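Here is the structure we will look at, set down as structure tokens.
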Amino acid sequence: MDGLLNDIYRDVVEEFPNGLESIGDDASPEAKKFYKLVEDWKQELYPGCKMFSKLSFLIRLYLLKCLHGITNNGFSDILELILELIPEAKLPKSFNEAKKIVKDLGLHYDKIDACRNDCMLYWKDNEVATSCHVCHAPRWKEKENQEETGTQSSKGANQIPAKVVWHFPLKLRLQRLYMCSETAELMRWHDEKKKKDGKLRHPALERV
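For the sequence shown, counting from 1, position 6 maps to 6 in the UniProt record's numbering; every step adds exactly one.
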């Protein structure tokens with residue numbers, strides 16, 4: 001886990017090599033997030049627990065949620081049950097609180113509704129559309145009462161999208177790679193260090 005945190009926040013580790021003692025009030029938000037995660041990683045799940053830390057247990061629980069399709073409300077109920085069983089456990093009280101911690105690990109994602117036939121995304125100019133512009137399929141799953149009446153209600157009626165795409169933003173990950181001097185040099189290698197003698201040594205050298 002230490003290696004994971006160092007890889008995610010390598011630029012912070014480079015900026016504050018002496019650890020938490022060297023960070024001040026004027027530190028960047030990224031640095032504060034990093035050392036908050038370090039504290040959570042070192043903090044015991046409950047007094048005397050050696051198997052899990054607060055962060056490792058939360059990641060394990062979040063993994064089970066993803067693998068078994070546990071709903072957000074179900075995840076919150078599990079957290080409440082654990083806190084009821086072990087009141088001194090250092091855990092968030094709801095899924096939303098847990099999501100904020102996981103988000104700081106660089107695991108943030110955006111959900112974008114998509115056409116059930118993969119024609120388009122309900123994104124940007126099409127964000128409020130209720131049907132596909134290509135195949136005209138409805139955006140939402142049809143309920144029994146809607147099938148009988150043949151009507152479609154709006155997004156405000158708690159409709160469930162027929163298909164959802166999970167988008168993992170690349171921008172922040174690339175920013176972190178370029179913020180660290182070690183990885184930034186590697187990221188620029190193909191432009192600065194490769195031989196430019198006109199010979200094709202790899203398909204990546206060919207201009208598109």
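For each residue, glycine too, the CB sits at the ideal point set by N, CA and C. These numbers were taken from a predicted model, which means no experiment stands behind them.
Give the range of the beta strand (DSSP E) segment to which residue 112 is assigned. Where residue 112 is concerned, the enclosing beta strand (DSSP E) stretches over 110 to 114.
Evaluate contact between the stretch 90 to 107 and the stretch 66 to 79, counting only Cβ atoms and requiring at least three cross-stretch pairs below 8 Å. yes
Can you have a look at residue 181 and say buried or exposed, based on whether 16 or more other CB atoms are within 10 angstroms of its CB? Burial call: exposed.
Residue 183 to residue 190, Cα distance in whole Å? 13 Å
Euclidean distance between Cα positions of residue 119 and residue 132: 7 Å
Which of helix, strand or coil does DSSP assign to residue 203? In this structure, residue 203 counts as helix in the three-state DSSP scheme.
Distance, Cα to Cα, residue 141 vs residue 77? 26 Å
List the DSSP bridge partners of residue 44. Note: residue 44 sits in a beta bridge opposite 53.
Nearest by alpha-carbon distance to residue 53: which of 123, 66, 42 and 61 is it? Closest option to residue 53, Cα to Cα, is 42.
Measuring only the C-alpha atoms, how far is residue 45 from residue 168? Distance from the CA atom of residue 45 to the CA atom of residue 168, rounded to whole angstroms, is 29 Å.
Quick one, which of 193, 123, 48 and 61 has its alpha-carbon nearest residue 102's? 61
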